[in-house]
Amino acid sequence: MAVRKKNRSKPATEIVSVPDVEEVDAIEEVREAFEAPMLPVRAEPGPTFAGWVARRGLLAAIIFGVLLAPQFVDNVRENMISFALVYVVIGLSINILIGYAGQISLGHQAFVGVGAFTSAYIVSNSHLSFWIGLALAGLTGAGAALLLGLVALRLRGLYLALITLAYGFVAQNSIFNIPALTGGGAGAEAPRPAGFTGNMAFVYLCFIILAVLMYVDWRLVRSKVGRAIFAIRENELAAASFGINVTAYKLIAFVISGVFAGIGGSLFAHRSTVVVSADFNFALALTFVLMVVVGGLGSRVGVFIGSAFFALFPLIFNRFSKYTGLIGALLLLLTLTTFPGGIAQQIAPILRWFGGAPLRGHGKSQVIQSGGAGVRP
Amino acid sequence: MKQFLVLGVINGAVYGLLATGLVLVYKGARVFNFAQAEFGTVAAFFAYWLIEKQHLPYWAGDLLAILGIAIVGFLVERLIVRPLFTAPRVTLLVATAGVALVLIQLQFIIVGANAVQIGPALRGIGVNILDVVVSPQRLLIFGVLVILGLGMGYFFSRTDLGLAVLATSQEPVATELAGIGTRRMSSFIWTFAAVLGGIAGVLLAPTGALFPGFMTITDLLPAFTAAVVGGITSLPGAFLGGLLIGITQGLGEFYFGSSTIVRGAANLLVFAVLVLVLLVRPKGLIGREA
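Chains A and B are the protein sequences, given in the same order.
FYI, the numbering for the first sequence is 31 to 407, going by my numbering.
FYI, the numbering for the second sequence is 5 to 294, going by my numbering.
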């Protein structure tokens with residue numbers, strides 16, 4: 031539920047009022063988000079043993095299918111898969127900001143680019159190993175995000191959106207063009223790490239890193255930090271009244287998102303082995319936001335599918351190149367108008383079925399409904 | 005320098021016109037309309053087709069083009085905005101970006117990637133302003149902006165319909181109770197915004213090359229900045245913001261245009277103004293709803 035609030039720009043201390051119905055609602059929502067999730071009361075018996083076998087079996091088959099996919103495709107397609115995986119990493123990063131924390135970011139290519147150039151510089155100029163480059167890319171990505179997070183403490187909604195847009199723009203046009211650091215217009219070389227130079231090997235490197243990040247993301251959502259971030263998304267004032275340190279957790283959300291983006295950037299750079307500032311234009315930032323919203327804000331599975339789709343779609347449908355863009359954009363509008371929760375809302379019954387519920391029609395899952403409700407660009 | 009200033013003011017007029025459309029939509033739907041500049045581009049292509057291909061007179065082609073874009077705006081509201089009435093605003097934001105993408109892609113398919121041109125509406129030699137020769141077409145842009153600005157000021161302060169739009173944007177529930185259909189107002193707002201974008205488009209069309217998405221590429225970001233600098237809810241503010249951004253860009257072009265250290269310095273300067281305004285006066289220069 032979007033809570034309407036006047037005088038958003040006033041500092042919290044100035045707002046002194048008796049809580050009205052809306053505010054009580056909001057407090058209730060925050061309480062639900064912050065307190066540990068209770069086990070659902072199951073009115074009907076769960077699936078039978080065979081039912082569980084079917085669910086777990088199918089789930090395992092899908093995961094193995096995705097993992098084994100690179101074995102059955104040619105060299106070019108392997109490269110496409112790693113491209114999709116890089117996008118998924120970036121999608122997860124954006125999801126933390128927009129989906130979990132409710133902070134819009136239209137300049138995410140800045141974090142990704144910082145990570146990409148850092149990693150490229152470490153590997154080609156400092157001649158250190160890829161792993162150090164990857165770690166430092168995460169760190170610098172976090173630094174770049176922290177800087178923006180400090181701004182986000184003061185601005186919100188539309189103004190934040192514009193500042194992030196400006197941030198990405200400045201990064202692309204000025205910072206990423208400093209010849210000493212990024213090689214200027216020619217770009218920086220980012221050779222693949224030893225042992226992962228082949229396309230197939232690199233795909234599995236991406237898989238491993240993605241798996242680690244997915245695990246971190248999963249633990250984040252289930253932790254106190256995650257619940258605090260959700261509570262801030264729902265209502266900052268109410269969250270603060272529950273003793274949540276709004277400033278700190280907002281910055282934590284930015285930092286984690288920055289780490290993910292930086293790592294995504296590092297993979298992005300080493301996948302294509304050369305990285306230029308023109309890669310990180312506004313169109314890319316827009317694609318990042320599109321893929322997460324279409325995938326479904328706040329849903330890990332949805333973001334995975336959405337990101338991979340947006341990465342692969344133009345590559346796979348190359349032979350209809352004239353119509354690719356149009357079809358993609360129309361699909362986007364169709365998804366949004368029929369299922370505002372994105373792909374996650376469309377596949378919600380399937381996801382619930384895997385969780386042990388009977389297969390029923392659509393509905394709105396809690397995560398999707400509230401996803402980004404606090405974002406008012 | 006004078007030349008850059010005068011051109012800046014005239015470019016600013018276009019930004020102002022686009023920014024007014026952005027403000028209007030923001031007041032109505034509380035969302036940033038990423039498709040605003042594309043309304044202009046589509047109208048420009050309509051005008052191109054009617055004037056250059058169908059050989060209609062200039063005024064008829066422009067009027068029909070604006071009518072056409074009004075229909076597009078109406079359809080966008082009905083098909084895209086209305087189903088997302090209660091959706092999170094970020095979803096609607098992405099949807100408007102989607103509309104812009106669809107329109108750009110349609111232009112690529114129908115018109116192709118090659119740039120086309122329309123002859124100017126007003127021929128004749130330029131007028132001398134501050135020792136700078138300004139083409140009649142550019143003067144026309146500025147004149148139309150001033151007239152539209154005054155007209156919209158009157159519309160939103162004196163007419164029932166204008167007040168109803170304002171009421172809808174400020175307090176939808178109370179407006180509904182007063183017997184004003186907020187959904188119908190939403191249709192009106194988007195149609196009107198499309199018309200504003202369309203006017204900017206047909207005026208701008210004869211001054212340069214037309215290619216798919218040209219207004220989104222060159223004018224959308226300055227227009228966003230103009231809308232925010234003016235205070236995102238203020239129509240006069242959007243006009244002023246547009247002029248300010250245009251002048252800033254002109255000055256940036258003059259002082260840093262040839263700099264090789266920082267590319268796109270004029271645009272960076274625009275963002276510097278934006279950051280400065282947000283820091284010093286976050287509500288914009290004119291933060292009042294009007």
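Where a beta carbon is used, it is the ideal one built from N, C-alpha and C, also for glycine.
Since this is a predicted model, take the numbers as computed values, not measurements.
Pairwise C-alpha distance: residue j and residue i
i, j, result
"Y151 (chain A)", "I124 (chain A)", "24 Å"
"L178 (chain A)", "Y279 (chain A)", "14 Å"
"L164 (chain A)", "V138 (chain B)", "55 Å"
"E264 (chain A)", "K254 (chain A)", "15 Å"
"A387 (chain A)", "P77 (chain A)", "7 Å"
"I357 (chain A)", "A268 (chain A)", "43 Å"
"M244 (chain A)", "G173 (chain A)", "21 Å"
"G355 (chain A)", "N105 (chain A)", "25 Å"
"I162 (chain A)", "L224 (chain B)", "40 Å"
"I55 (chain B)", "N118 (chain B)", "18 Å"
"I205 (chain A)", "V83 (chain A)", "54 Å"
"L88 (chain A)", "L107 (chain B)", "41 Å"
"V153 (chain A)", "T170 (chain A)", "15 Å"
"G332 (chain A)", "L381 (chain A)", "10 Å"
"L366 (chain A)", "A313 (chain A)", "19 Å"
Residues near residue i by beta carbon distance below 6 Å, same chain, minus five either side
i, result
"T195 (chain B)", "A74, G77 and F78"
"L127 (chain A)", "Q133, S135 and S287"
"F38 (chain B)", "T100, A101 and A104"
"V277 (chain B)", "T252"
"L195 (chain A)", "L136 and G137"
"V305 (chain A)", "A146, A150, G217, A218, A220 and A299"
"T368 (chain A)", "none"
"I274 (chain A)", "A258 and A261"
"P344 (chain A)", "T354"
"T229 (chain B)", "I249, V274 and L278"
"V29 (chain B)", "N37 and A197"
"L115 (chain A)", "C236 and L240"
Where the alpha helix (DSSP H) containing residue i begins and where it ends
i, result
"T24 (chain B)", "K6 to A33"
"W194 (chain B)", "T186 to L208"
"T222 (chain B)", "F218 to V233"
"W82 (chain A)", "F79 to L98"
"L178 (chain A)", "F160 to A182"
"H157 (chain A)", "That residue, H157 (chain A), is in no alpha helix (DSSP H); it is neither H nor E in DSSP."
"F159 (chain B)", "P140 to R162"
"Q109 (chain B)", "R93 to I114"
"Q376 (chain A)", "G372 to Q376"
"F260 (chain A)", "K254 to E264"
"T237 (chain B)", "Careful: T237 (chain B) lies outside any alpha helix (DSSP H) and carries neither H nor E."
"D66 (chain B)", "Y62 to V80"
"T45 (chain B)", "Q40 to Y52"
"F113 (chain A)", "N105 to I124"
"A338 (chain A)", "R330 to I346"
"E180 (chain B)", "P176 to L181"
"L7 (chain A)", "For residue 7 (chain A) there is no data in the structure shown, the boundaries of chain A being 31 and 407."
Sequence-distant residues of its chain with Cβ nearer than 8 Å to residue i (five each side left out)
i, result
"L362 (chain A)", "L320 and V324"
"A168 (chain B)", "T179, I184 and M189"
"V80 (chain B)", "A39, V103, W194 and A198"
Beta bridge counterpart(s) of residue i as assigned by DSSP
i, result
"V319 (chain A)", "According to DSSP, which records beta bridges pairwise, V319 (chain A) is partnered with nothing at all."
"R219 (chain A)", "The amino acid occupying residue 219 (chain A) in the given sequence is Glu; Arg does not appear at that position. BP columns for E219 (chain A) point to A:V304."
"L356 (chain A)", "According to DSSP, which records beta bridges pairwise, L356 (chain A) is partnered with nothing at all."
"V120 (chain B)", "B:L214"
Cutoff 7 Å; reference residue i; Cβ partners in own chain excluding five residues on either side
i, result
"L389 (chain A)", "P379 and W383"
"K40 (chain A)", "Legend: pLDDT at K40 (chain A) = 42, less than 50; position of this residue unreliable, value from coordinates given subsequently. Nothing listed; no residue qualifies."
"F232 (chain A)", "S112, R222, F226 and R301"
"L88 (chain B)", "T95, L96 and A99"
"V181 (chain A)", "I193"
Any non-hydrogen atom of the ligand PLP closer than 7 Å to residue i Cβ
i, result
"R382 (chain A)", "Absent from the structure shown: the ligand PLP. Ligands present: none."
Neighbouring residues, chain D, relative to residue i (Cβ below 8 Å)
i, result
"G102 (chain B)", "Here the protein chains are A and B, and chain D is not one of them."
For the segment 340-363 of chain A, enumerate the residues whose C-beta is nearer than 8 Å to any C-beta of chain B, in chain order.
-> K352, Y353, G355, L356, G358, A359, L360, L362 and L363
Using Cβ-Cβ distances below 8 Å, what residues of the segment 188-200 of chain A are close to chain B?
-> Going along the segment 188-200 of chain A in chain order, one finds L188, Y189, A191, L192, I193, L195, A196, F199 and V200 with a Cβ nearer than 8 Å to chain B.
What are the residues of the segment 109-122 of chain B that lie near chain A, defined by any Cβ-Cβ distance shorter than 8 Å?
-> Under the 8 Å Cβ criterion, the segment 109-122 of chain B contributes Q109, L110, F112 and I113.
For the segment 213-227 of chain B, enumerate the residues whose C-beta is nearer than 7 Å to any C-beta of chain A, in chain order.
-> none
Please list the residues of the segment 134-146 of chain A that have a C-beta atom closer than 7 Å to any C-beta atom in chain B, keeping them in chain order.
-> I134
Closer than 7 Å, Cβ to Cβ, to anything on chain A: give me those residues from the segment 165-192 of chain B, in chain order.
-> none
According to a CB-to-CB cut-off of less than 8 Å, which residues of the segment 313-326 of chain A neighbour chain B?
-> Contact residues of the segment 313-326 of chain A toward chain B are L316, V319, L320, V323 and V324 (C-beta to C-beta distance below 8 Å).
Along the segment 363-378 of chain A, what residues have a CB closer than 7 Å to any CB found in chain B?
-> So the close ones are L363, L366, T367 and P370.
Residues of the segment 114-136 of chain A with Cβ closer than 8 Å to any Cβ of chain B, in chain order | Residues are counted here when their Cβ sits less than 8 Å from a Cβ of chain B; for the segment 114-136 of chain A these are I128 and I134, given in chain order.
Using Cβ-Cβ distances below 7 Å, what residues of the segment 162-191 of chain A are close to chain B?
-> L185, L188, Y189 and A191
Chain A contacts made by the segment 133-164 of chain B, where a contact means CB separation under 7 Å = none
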